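If you read the sequences in order, they're chains A and B.
Using this note's numbering, the letters of the first sequence map in sequence onto residues 1 to 387.
Using this note's numbering, the letters of the second sequence map in sequence onto residues 388 to 774.
Each residue gets a CB set at the ideal place from its N, CA and C atoms; glycine is no exception.
Note that this is a predicted model, so its numbers are computed, not measured.
Number of protein chains: 2
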Amino acid sequence: MAAPHKLCMIPGPVEFHQDVLDAMATKATSHIDPNFIKTFGESLVMLKQVLMCKNGQPFIISGSGTLGWDMVAANLVEPSETALVVNTGLFGDRFGECIETYGGKVTHLHADAIGLAPTLESIAQAIKAAPTPFKIVTITHVDTSTGVLTDIKSIARLVKEASPSTLVIVDAVCSAGAEEIDMDGWGIDVVLTASQKALGTPPGLALLVASERAMQVFQARKSPPSSYFGSFAKWVPIMQAYMANKPSYFATPAVQLIISLHTSLRQILSRPLAERFEQHIKVSDDVKKVVTSWGLKLVPGSHALAAHTLTAVYYPEGVTAQGVLSSIAGKGVIIAGGLHPKIAPTYMRIGHMGLSVTAENEHNYVKTTLAALEAALRENGYTIPNQ
Amino acid sequence: MAAPHKLCMIPGPVEFHQDVLDAMATKATSHIDPNFIKTFGESLVMLKQVLMCKNGQPFIISGSGTLGWDMVAANLVEPSETALVVNTGLFGDRFGECIETYGGKVTHLHADAIGLAPTLESIAQAIKAAPTPFKIVTITHVDTSTGVLTDIKSIARLVKEASPSTLVIVDAVCSAGAEEIDMDGWGIDVVLTASQKALGTPPGLALLVASERAMQVFQARKSPPSSYFGSFAKWVPIMQAYMANKPSYFATPAVQLIISLHTSLRQILSRPLAERFEQHIKVSDDVKKVVTSWGLKLVPGSHALAAHTLTAVYYPEGVTAQGVLSSIAGKGVIIAGGLHPKIAPTYMRIGHMGLSVTAENEHNYVKTTLAALEAALRENGYTIPNQ
Numbered sequence: 001m002a003a004p005h006k007l008c009m010i011p012g013p014v015e016f017h018q019d020v021l022d023a024m025a026t027k028a029t030s031h032i033d034p035n036f037i038k039t040f041g042e043s044l045v046m047l048k049q050v051l052m053c054k055n056g057q058p059f060i061i062s063g064s065g066t067l068g069w070d071m072v073a074a075n076l077v078e079p080s081e082t083a084l085v086v087n088t089g090l091f092g093d094r095f096g097e098c099i100e101t102y103g104g105k106v107t108h109l110h111a112d113a114i115g116l117a118p119t120l121e122s123i124a125q126a127i128k129a130a131p132t133p134f135k136i137v138t139i140t141h142v143d144t145s146t147g148v149l150t151d152i153k154s155i156a157r158l159v160k161e162a163s164p165s166t167l168v169i170v171d172a173v174c175s176a177g178a179e180e181i182d183m184d185g186w187g188i189d190v191v192l193t194a195s196q197k198a199l200g201t202p203p204g205l206a207l208l209v210a211s212e213r214a215m216q217v218f219q220a221r222k223s224p225p226s227s228y229f230g231s232f233a234k235w236v237p238i239m240q241a242y243m244a245n246k247p248s249y250f251a252t253p254a255v256q257l258i259i260s261l262h263t264s265l266r267q268i269l270s271r272p273l274a275e276r277f278e279q280h281i282k283v284s285d286d287v288k289k290v291v292t293s294w295g296l297k298l299v300p301g302s303h304a305l306a307a308h309t310l311t312a313v314y315y316p317e318g319v320t321a322q323g324v325l326s327s328i329a330g331k332g333v334i335i336a337g338g339l340h341p342k343i344a345p346t347y348m349r350i351g352h353m354g355l356s357v358t359a360e361n362e363h364n365y366v367k368t369t370l371a372a373l374e375a376a377l378r379e380n381g382y383t384i385p386n387q
Numbered sequence: 388m389a390a391p392h393k394l395c396m397i398p399g400p401v402e403f404h405q406d407v408l409d410a411m412a413t414k415a416t417s418h419i420d421p422n423f424i425k426t427f428g429e430s431l432v433m434l435k436q437v438l439m440c441k442n443g444q445p446f447i448i449s450g451s452g453t454l455g456w457d458m459v460a461a462n463l464v465e466p467s468e469t470a471l472v473v474n475t476g477l478f479g480d481r482f483g484e485c486i487e488t489y490g491g492k493v494t495h496l497h498a499d500a501i502g503l504a505p506t507l508e509s510i511a512q513a514i515k516a517a518p519t520p521f522k523i524v525t526i527t528h529v530d531t532s533t534g535v536l537t538d539i540k541s542i543a544r545l546v547k548e549a550s551p552s553t554l555v556i557v558d559a560v561c562s563a564g565a566e567e568i569d570m571d572g573w574g575i576d577v578v579l580t581a582s583q584k585a586l587g588t589p590p591g592l593a594l595l596v597a598s599e600r601a602m603q604v605f606q607a608r609k610s611p612p613s614s615y616f617g618s619f620a621k622w623v624p625i626m627q628a629y630m631a632n633k634p635s636y637f638a639t640p641a642v643q644l645i646i647s648l649h650t651s652l653r654q655i656l657s658r659p660l661a662e663r664f665e666q667h668i669k670v671s672d673d674v675k676k677v678v679t680s681w682g683l684k685l686v687p688g689s690h691a692l693a694a695h696t697l698t699a700v701y702y703p704e705g706v707t708a709q710g711v712l713s714s715i716a717g718k719g720v721i722i723a724g725g726l727h728p729k730i731a732p733t734y735m736r737i738g739h740m741g742l743s744v745t746a747e748n749e750h751n752y753v754k755t756t757l758a759a760l761e762a763a764l765r766e767n768g769y770t771i772p773n774q
């Protein structure tokens, strides 16, 4: 790994603050060291604050966002219970597959085309058509594969009205810490996410907050949780102990990653969250304005459907993924290719969340990226239209 | 976490080499960066080398040792298939519980007392008594709760002879990288471990190597794997891609932890493994000789049953856990209290693996710990006998 650092502008992992990286190099520390217990407990509390959840149960576990799906599927869905997946891309497909692995019955509600989201009407229709109320509805807040943003506030309100017993589950892997999520205010029952995106911490942690209602549903299970490593029954006492400043043990936590997360969460909460969300909107709008002014077409079908954490944009005609990605890498910037299997070779993804947004004035990561992309497109024979 | 560093002499996490810690602070790197792909692929190969497995399938996944149990239970045992747990402490209890979570039927074979291991005769008897051959036999190589070492070589040979179809699974969380494990030579089908013990890397990774035979058994499953995040079906293509120097994606790997692991594995393999194992035996023998010369009694029932990665030793009469642990912490050294629920308040555990063994001549971590412990015992009113 001796190669010089390239600016990491993919939709996660994102660039990390130096203090966050320094925390990663913390010397060996016992997982029941009093200072670490405090750090872990505070991280759990701060996670709830970022997600605007007062009384829910937070979990921070070694893993990735994917493990959060297992936790939902193995703790909140019992065999043969039903789930509606509001599907906006690859991550809806996979969340559904995960639920099926643990015995849940899944209905996928797809939009009419890639880049769109299922309408509120179609969701209402799917709920109405279900013979019994869905146990859960899952929504990918931002699908990292398509860059589509869903209106979780309106969907949560709709589900609450049309199917009050149904739990609203939000996959916020590519949104938590950048897009507004008001768990309490919007009636969201579970938010699951990961460390390496807008929470600004290296990859390796699964984070999840479950509402009091979700925990009551868990407590009322008839069958035991169907995962061991992802079992709420195992982890709740551990998380509660850390929050109560007491030692506890189920599996050794990722001490250094958690200290690093603590550093990042403190930075995030040192400023009003509303300001942070606004910054992400502004930078995202700027990026989208620039790339569309070049004549490129966004993958999301409208401005309202476009996430503020990444820009998914088609290559112009005659320009290939291989050409652009290697050309921009040659300029010291890494962006991501497409991920949705149906259109993967035709589009690229630029991540803009966390440090690259909040410290743009200081670092110019986004400006550097756009300049490199413009040059890469020209090198690949594309003529940027006069503006 | 601003407190000064205390020497971390618990049985994991252990003290880490500065190069390993520096690797933890690697700047943001894409999980499909060509340099990282190479690093990940090499780490998988080196993991097999440490475990002396030529053709098996290695896995390195965000998680902890516990996740390795889920991977065994969800991929190699089908519902209603049977497992024999050769139980030497808490970690046997829990591995069994994990297998039951995924529908396996578990028989625990306990030793006659805490500190002992089931005899070869009793294992042969249990195999003979089973109405159908066990699908797997699990053995905790070193039980971190009791400090008991099992003779996995002899047990594997016995199982191979008495029940050839049975897979031999070794939980090597507290042994891999310190105690000899010859997967190929001894006919072991799965070794699972974690990063934070004798592999000398901060916590956050589950590591597992499955033999070709184990992978054939997996391929012959009738039911799909019963975990999503821990599914061999999901991870095999990813691990094979990294080993073939190709990009791939299922869930974002813990980039920094893997670079850190790579650093540690290179250090480990820079010297003959036999030398490393000998060093661990020597330091362990020294520690045990010293503490028994003080009149203390080891938890393991004999020298042959005592692990070389930690020393589990009873407090002398009249001395409490609270007294010794806080006294030694006051001297800048952290050791662990007891963990086995039946005897937890009566004994302590000193970890000695990885850096604290291989760099003892340079750092004197073990000597420092023994001196601090001796002083702590005296402070707590214990009279060290004349020697």
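- The beta carbons of Val137(A) and Val106(A) sit about 11 Å from each other, so the pair does not count as a contact at 8 Å.
- At a C-beta separation below 9 Å, Cys485(B) has these neighbours in chain A: Tyr228 and Phe229.
- Proximity of Val190(A) to chain B, defined by a Cβ-Cβ separation below 8 Å, is not satisfied.
- Cβ proximity to chain A below 9 Å picks out Asp420, Pro421, Asn422, Phe423, Lys425 and Thr426 from the region 420–431 of chain B.
- In the DSSP assignment, Asn462(B) falls within the alpha helix (DSSP H) that extends over Gly452 to Asn462.
- For Ile136(A), there are no neighbours in chain B by C-beta distance under 8 Å, as the nearest C-beta there is about 15 Å away.
- Of the candidates Gly587(B), Arg481(B), Thr698(B) and Gln654(B), the residue whose Cα lies closest to the Cα of Asp673(B) is Thr698(B).
- For Arg736(B), the pairing in a beta bridge is given by DSSP as Ala699(B) and Ala723(B).
- Between the alpha carbons of Pro703(B) and Gly476(B) lies a distance of about 22 Å.
- Between Thr531(B) and the set Ala631(B), Lys754(B), Met740(B) and Ala759(B), the nearest pair of CA atoms involves Met740(B).
- Taken in chain order, the unbroken stretches of alpha helix (DSSP H) that lie wholly in the region 272–314 of chain A and span 4 residues or more are 273–293.
- Taking the CA atoms as reference points, His5(A) sits about 7 Å from Lys414(B).
- C-alpha of Val72(A) to C-alpha of Glu468(B): approximately 26 Å in a straight line.
- DSSP, reduced to helix, strand and coil, places Leu149(A) within a strand of the structure shown.
- For the region 46–71 of chain A, the beta-carbon criterion of a distance under 8 Å to any beta-carbon of chain B is satisfied by Ser62, Gly63, Ser64, Gly65, Thr66, Leu67, Trp69 and Asp70.
- Comparing alpha carbon positions, the residue from His280(A), Ala156(A) and Ser195(A) closest to Asp184(A) is Ala156(A).
- Using a Cβ-Cβ cut-off of 8 Å, Met626(B) does not count as an interface residue toward chain A, since no Cβ of chain A sits closer than that to its own.
- For Asp19(A), the number of other beta carbons within 10 angstroms of its own is below 16, and it is reported as exposed.
- Within the region 225–261 of chain A, the complete alpha helix (DSSP H) segments at least 4 residues long are 232–243, listed from N- to C-terminus.
- By a beta-carbon distance limit of 8 Å, Ser226(A) contacts Gly103(A). Their separation comes to about 7 Å.
- Residue state for His363(A) is assigned as helix, using DSSP reduced to three classes.
- If you ignore the 5 residues before and after Asp22(A), its C-beta comes within less than 7 Å of no other C-beta in its own chain.
- Ala210(A): member of the beta strand (DSSP E) spanning Leu205 to Ala210, first to last residue.
- For Asp33(A) and Asp70(A), the gap between their C-alpha atoms comes out near 29 Å.
- Each residue's CA atom was taken as its position, placing Pro58(A) and Met215(A) some 11 Å apart.
- Ranked by Cα distance from Gly337(A), the options Ser647(B), Lys609(B), Glu566(B) and His418(B) are led by His418(B).
- In chain order, Ala254 and Leu257 place their CB closer than 6 Å to the CB of Gly204(A), counting only its own chain and leaving out the 5 sequence neighbours on each side.
- About 5 Å separates the CB atoms of Pro398(B) and Arg736(B); that is less than 8 Å, so the two are in contact.
- The bridge partners DSSP lists for Ala194(A) are Ala206(A).
- Under the 10 Å beta carbon count, Pro164(A) is surrounded by fewer than 16 other beta carbons and is classified as exposed.
- Nearest neighbour of Lys54(A) by Cα position, chosen from Asn364(A), Glu374(A), Asp182(A) and Leu370(A), turns out to be Asp182(A).
- Straight-line spacing of the CA atoms in Lys331(A) and Val290(A) works out to 19 Å.
- At least 8 Å separates the CB of Thr358(A) from every CB of chain B.
- The alpha-carbon of Met239(A) is positioned some 10 Å away from that of Ile61(A).
- The C-beta of Phe277(A) comes no closer than 8 Å to any C-beta of chain B.
- Contact between Phe16(A) and Ala83(A) is absent: CB atoms are separated by about 34 Å, not below the 8 Å threshold.
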